[in-house]
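For the sequence shown, this note's numbering assigns the number 8 to the initial residue and increments by one for each residue that follows. All C-beta atoms in this analysis are idealised placements derived from N, C-alpha and C, irrespective of residue type, glycine included. Treat the numbers as computed from the prediction; the structure is a model and nothing was measured. Here's the structure we're looking at; comments come further down.
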Amino acid sequence: VWQGYLKPEVYKATLGEYGQVIELPIVCELSTIGRNKPSVSHVEEINNLGSGVGHLPDGRVVFVRGTATGDELTVKIIKVASSYLVGRPMEYTARSPYRTEPDCAAYPACGGCVYRHITYEHELDIKKSYVKAAFCKAGLPEVVVQDVRTTGEVTGYRNKAQYPVGNSENGVIAGFYADH
Numbered sequence: 008v009w010q011g012y013l014k015p016e017v018y019k020a021t022l023g024e025y026g027q028v029i030e031l032p033i034v035c036e037l038s039t040i041g042r043n044k045p046s047v048s049h050v051e052e053i054n055n056l057g058s059g060v061g062h063l064p065d066g067r068v069v070f071v072r073g074t075a076t077g078d079e080l081t082v083k084i085i086k087v088a089s090s091y092l093v094g095r096p097m098e099y100t101a102r103s104p105y106r107t108e109p110d111c112a113a114y115p116a117c118g119g120c121v122y123r124h125i126t127y128e129h130e131l132d133i134k135k136s137y138v139k140a141a142f143c144k145a146g147l148p149e150v151v152v153q154d155v156r157t158t159g160e161v162t163g164y165r166n167k168a169q170y171p172v173g174n175s176e177n178g179v180i181a182g183f184y185a186d187h
């Protein structure tokens, strides 16, 4: 487990594919960073699994489920790996303008939808950025990616689902895998 003492500062990060330099207020409490230790982070983006992605001043990545781009929050570190951390939200100091109230009673326990806590417009922007990043990674940064085409429906648009089926004390059960 990595240990070190960090001071609150503003750190500059370069977004590789576009070359933009942004300043991120990433602050860590003056305590060791490790399992069950709180740290403060700024969510920079959302990954394809719906987790917010932030960086600590030592450069390590922290993934936090249920966060949105622009959230600033205190995170409880629940997993420490050699190159990344996993955290759970404890307290929000600033909420993202992209955050919305989930419209499904099963969210977040159900693992079926990972973007229910952000606006549909931001979800489309995120998906467009995934496609752009894939072209950049393939060495084709000049490809112009069009906006995501949509019917405008924000629910009921899935055309594929995987349902695990199993036996329980009450009979046969089926559903989505639970979020971990």
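Excluding its 5 nearest sequence neighbours in each direction, V69 has C-beta neighbours in its own chain below 8 Å: S46, S48, V60, G61, H62, L63, V82, I84, Y91, L92, V93, G94, listed in chain order. A Cβ-Cβ contact shorter than 8 Å links T107 with T126.
D154 sits exposed, since fewer than 16 C-beta atoms from the chains shown fall within 10 Å of its C-beta. Residue burial is scored here from C-beta neighbours: G159 has fewer than 16 other C-beta atoms within 10 angstroms and is therefore classed as exposed. In the structure shown, C120 adopts coil according to DSSP, grouped into three states.
With fewer than 16 other Cβ atoms from the protein chains shown falling within 10 Å of its own Cβ, D110 counts as exposed. Each residue's CA atom was taken as its position, placing G66 and K144 some 21 Å apart.
Its chain contains F142 as the residues whose beta carbon lies nearer than 6 Å to that of V150, once the 5 sequence neighbours on both sides are disregarded; these appear in chain order.
The straight-line gap separating the alpha-carbon atoms of A113 and A168 is approximately 16 Å. Non-local C-beta neighbours of L56 in its own chain, meaning closer than 7 Å and more than five positions away in sequence, comprise V121, ordered along the chain.
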